[in-house]
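Asker: Position one of the sequence shown corresponds to residue 265 (our numbering), numbered consecutively onward.
Would you mind keeping the following structure in view while I ask a few things?
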Amino acid sequence: MDSVHQVALVVLQTAMRPGDSLQLDFAHTLDRGGVYASVPPRDVTRNGTVLLHPQLVPAVGYRPQQEIVDPRERAQVGLTITPTPWPRADQAHALASDPSWLMMDVTIGTDPDQVALAVGDLAAAWDSAGRRWFRYSTPQPVTPLTAVISARYAKHVAQAHGTTVEVWHLPEHAVNVDQVAQAALTSIATLSARLGPMPDALLRIVELPRWSGFGAFALRGMVLFPEHRGFLLDERAGGVDLLLRRVAHEVAHQWWGHSVEPPQAEGSLLLVESLAKDAEQAVVQSVHGAAGVDAILAYDEDRYLVGRADAGGDEPALERLTDEPWLYYGKGSLMMHAVRAAVGDSSVDAALRSVIARHRGSGGVATAPVLRSALLAHARAATDSAAIVEWFGGRAVWDVVVDAITAAPPGYLVTVRATRQGDATLPMEAAGASALITMAGFDAAGSVQWRGTVAVRDGVGRVTLPALPGVVQLVLDPERRLLDRDRANNRKELPPP
265 MDSVHQVALV VLQTAMRPGD SLQLDFAHTL DRGGVYASVP PRDVTRNGTV
315 LLHPQLVPAV GYRPQQEIVD PRERAQVGLT ITPTPWPRAD QAHALASDPS
365 WLMMDVTIGT DPDQVALAVG DLAAAWDSAG RRWFRYSTPQ PVTPLTAVIS
415 ARYAKHVAQA HGTTVEVWHL PEHAVNVDQV AQAALTSIAT LSARLGPMPD
465 ALLRIVELPR WSGFGAFALR GMVLFPEHRG FLLDERAGGV DLLLRRVAHE
515 VAHQWWGHSV EPPQAEGSLL LVESLAKDAE QAVVQSVHGA AGVDAILAYD
565 EDRYLVGRAD AGGDEPALER LTDEPWLYYG KGSLMMHAVR AAVGDSSVDA
615 ALRSVIARHR GSGGVATAPV LRSALLAHAR AATDSAAIVE WFGGRAVWDV
665 VVDAITAAPP GYLVTVRATR QGDATLPMEA AGASALITMA GFDAAGSVQW
715 RGTVAVRDGV GRVTLPALPG VVQLVLDPER RLLDRDRANN RKELPPP
């Protein structure tokens with residue numbers, strides 16, 4: 265047993281054959297001795313406990329994700345500069361369900377004034393020897409992630425259309441509880457209509473302390489939600505609906521992550537995080553319309569462009585991403601929106617349902633190429649197919665500009681200029697910057713009154729427009745189908761007719 269890294273080598277007396285199994289017995293010891301260089305662990309305290317899967321169950325086998333990543337740290341301990349690369353997507357069949365999905369059966373004892381929670385259905389609860397006991401079990405195998413949580417919780421229950429949402433929270437943090445529950449029910453209804461039923465009829469949302477170390481975390485049938493991310497959020501009217509966005513994103517992981525669990529390979533986080541971002545957009549649009557989604561996209565586009573600049577020439581294509589949040593949260597979100605704008609919601613939803621139908625459950629091998637193929641199968645035109653291939657495999661960004669609008673009675677002559685950068689190591693160039701770019705005319709209230717397109721070839725496009733009653737401003741690429749490095753120059757006021 266390596267006491268520093270907590271790694272044990274188990275030598276088997278008899279070799280295991282395919283299909284064999286062994287029982288692994290283990291025990292935990294809580295040691296809070298010594299002096300800590302920083303804040304000491306707070307996972308087990310007098311008024312509550314939060315233990316996640318890595319703290320509860322030993323990981324069997326080699327785990328590349330635990331490797332030291334920083335090149336300087338690796339050199340200091342005598343390792344090669346480069347850690348083990350992520351497997352390619354074409355190796356996914358050898359990686360499916362590693363580790364395997366599990367049947368969970370967990371019994372927890374806790375203080376008499378606390379409630380204990382875990383993944384699964386509550387099979388029994390009783391009092392014994394001055395303790396409260398809870399047993400949770402799953403009726404079928406689930407993703408191998410669990411948690412043991414205990415605190416002085418109150419419970420809020422909301423139901424709709426056969427689905428129950430339980431919100432477990434501190435009694436003094438009740439101000440947003442109903443909004444959290446309703447956001448979850450709205451998310452479940454919206455996503456079930458698009459993707460098929462949620463795997464379970466019960467979803468628990470559990471408040472955790474601020475120090476939990478993550479923004480939120482989804483388990484099967486359970487969302488762990490730190491207090492500052494929703495329960496203590498100022499949700500007065502106005503601004504971005506952060507609570508709905510955050511709840512929708514985590515609810516989406518019941519499909520993307522806990523119904524379809526891609527093997528850890530290049531591009532796998534597209535199917536977990538980018539598709540959860542896509543679901544987040546769908547829920548926000550169902551409540552706030554397209555304007556609510558545009559605020560999400562503006563943030564995601566900035567996030568991507570900043571990450572791209574920081575990465576320099578080291579930007580992988582989306583289908584080859586590994587652990588780059590600016591790609592799977594930023595660019596992946598923009599990709600799904602652009603594909604929906606091009607081929608339609610119903611076609612994209614059909615593609616996603618096909619991925620779920622083929623790859624749900626233990627043994628699924630959903631990969632980035634699988635997602636790309638599903639979307640291509642529902643593309644309606646060659647230009648849509650080319651755009652999908654570019655999103656998955658390309659690295660280009662654009663700068664499109666409304667260069668001039670001149671009166672040409674009875675309408676207008678519009679000149680558009682565009683440049684394109686193939687990747688972050690190349691200059692912005694007009695040569696090759698050719699596309700059919702959407703355009704919209706907005707009135708003074710910001711509503712769309714006209715839509716059209718302009719064909720740009722090698723960086724220049726011109727189009728003659730008719731009279732546009734009520735339109736005061738023209739905007740290029742209003743649906744954000746392109747990755748545009750500067751959207752301030754996409755718009756221009758109409759001159760007097």
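Note that CB positions come from ideal geometry on N, CA and C, so glycine has one too.
Computed from a predicted structure; not experimentally measured.
Who pairs with Pro490 in a beta bridge, going by DSSP?
Answerer: Leu472
Asker: Restricting to runs no shorter than 3 residues, where is the beta strand (DSSP E) found entirely within the segment 318-387?
Answerer: With a minimum length of 3 residues, the unbroken runs of beta strand (DSSP E) contained wholly in the segment 318-387 fall at 369-374, 379-381.
Asker: Return the chain-ordered ranges of every beta strand (DSSP E) run that is complete within the segment 635-723 and spans a minimum of 3 residues.
Answerer: 661-672, 675-685, 699-706, 712-720
Asker: For a test of the three-state rule: what should DSSP assign to Tyr400, helix, strand or coil?
Answerer: DSSP, reduced to helix, strand and coil, places Tyr400 within a strand of the structure shown.
Asker: Excluding five sequence neighbours on each side, which residues of the same chain lie with their C-beta closer than 6 angstroms to the C-beta of Ala512?
Answerer: Ser451, Glu544, Val547
Asker: What does DSSP give as the partner residue(s) for Lys419 in the beta ladder?
Answerer: Trp432
Asker: Starting from Lys756, follow the alpha helix (DSSP H) in both directions and report where the run begins and ends.
Answerer: From DSSP, Lys756 is part of no alpha helix (DSSP H) but of the beta strand (DSSP E) over 755-757.
Asker: Using only the alpha-carbon positions, how far apart do Gly608 and Val308 sit?
Answerer: 49 angstroms
Asker: Output the distance between the C-alpha atoms of Pro761 and Gly725, rounded to the nearest integer angstrom.
Answerer: 21 angstroms
Asker: Over the uninterrupted alpha helix (DSSP H) stretch that includes Gln545, give me the two end residues.
Answerer: 539-575
Asker: Could you give the distance in angstroms between the alpha-carbon of Ala382 and the alpha-carbon of Gln713?
Answerer: Taking the straight line joining both Cα atoms gives about 52 angstroms.
Asker: In terms of residues, what are the limits of the beta strand (DSSP E) holding Ala482?
Answerer: 481-483
Asker: Going by DSSP in three states, Leu496 sits in which element: helix, strand or coil?
Answerer: Judged by DSSP in its simplified three-state form, Leu496 adopts coil rather than helix or strand.
Asker: Are the CB atoms of Ser532 and Ile620 within a distance shorter than 8 angstroms?
Answerer: no
Asker: Please name the residue in Ala301, Ala291, Gln518, Asp542 whose C-alpha comes closest to that of Asp613.
Answerer: Asp542
Asker: I'd like to check one pair, Val439 with Val431: are the Cβ atoms closer than 8 angstroms?
Answerer: Pairing Val431 with Val439 gives a Cβ-Cβ distance that is not under 8 angstroms.
Asker: Rank Pro376, Gly625, Ala581 by C-alpha distance to the C-alpha of Met462 and give the top, closest one.
Answerer: Gly625
Asker: Per DSSP, Leu533 is paired with what?
Answerer: Answer is none; Leu533 lacks a bridge partner.
Asker: In the DSSP assignment, what residue or residues form a beta bridge with Ile413?
Answerer: Val314, Leu381
Asker: Below 8 angstroms between beta carbons: does that hold for Asp648 and Ala606?
Answerer: yes
Asker: So the alpha helix (DSSP H) Gln443 belongs to, where does it begin and stop?
Answerer: 441-459
Asker: Ignore the nearest five residues each way along the sequence and tell me which others in Asp722's own chain have a CB closer than 8 angstroms to its CB.
Answerer: Within the same chain, Asp722 has close Cβ partners Ala694, Ala695, Gly696, Ala697, Ser698.
Asker: According to DSSP, simplified to helix, strand and coil, what is Leu740?
Answerer: strand
Asker: Opposite Val727 in the DSSP bridges: which residues?
Answerer: Val678
Asker: Does the Cβ of Arg416 have 16 or more other Cβ atoms within 10 Å, making it buried, or fewer, making it exposed?
Answerer: Exposed, by the Cβ-count rule.
Asker: Which class does Ser392 belong to by DSSP, given the choice of helix, strand or coil?
Answerer: strand
Asker: May I have the straight-line CA-CA distance separating Asp377 from Ala418, to the nearest angstrom?
Answerer: 11 angstroms
Asker: Give the DSSP-derived three-state secondary structure of Trp519 in the structure shown.
Answerer: coil
Asker: Give a yes or no on whether the C-beta atoms belonging to Leu472 and Glu499 are separated by under 8 angstroms.
Answerer: no
Asker: On the DSSP letters alone, give me the boundaries of the alpha helix (DSSP H) that Arg745 sits inside.
Answerer: Element bounds for Arg745: n/a, residue is neither H nor E.
Asker: Please list, in chain order, all residues of the same chain as Arg681 whose beta carbon is under 7 angstroms from its beta carbon, the five residues on each side excluded.
Answerer: Val665, Asp667, Gly723, Val724.
Asker: Which value, in whole angstroms, describes the spacing of the CA atoms of Arg509 and Val274?
Answerer: If you take the alpha carbons of Arg509 and Val274, they lie about 45 angstroms apart.
Asker: Can you tell me the Cα-Cα spacing of Gln423 and Val429, whole angstroms?
Answerer: 6 angstroms
Asker: If you follow the alpha helix (DSSP H) that His623 is in, where does it begin and where does it stop?
Answerer: Looking at the DSSP string, the run of the alpha helix (DSSP H) that includes His623 is 609-623.
Asker: Kindly list the residues whose CB is nearer than 8 angstroms to the CB of Leu497, restricted to its own chain and excluding five residues on each side of it in sequence; keep chain order.
Answerer: Closer than 8 angstroms at Cβ, skipping near neighbours: Asn440, Leu506, Leu507.
Asker: Using a Cβ-Cβ cutoff of less than 7 angstroms, which residues in the same chain neighbour Ala650 once the five nearest sequence positions on both sides are dropped?
Answerer: Within the same chain, Ala650 has no close Cβ partners at all.
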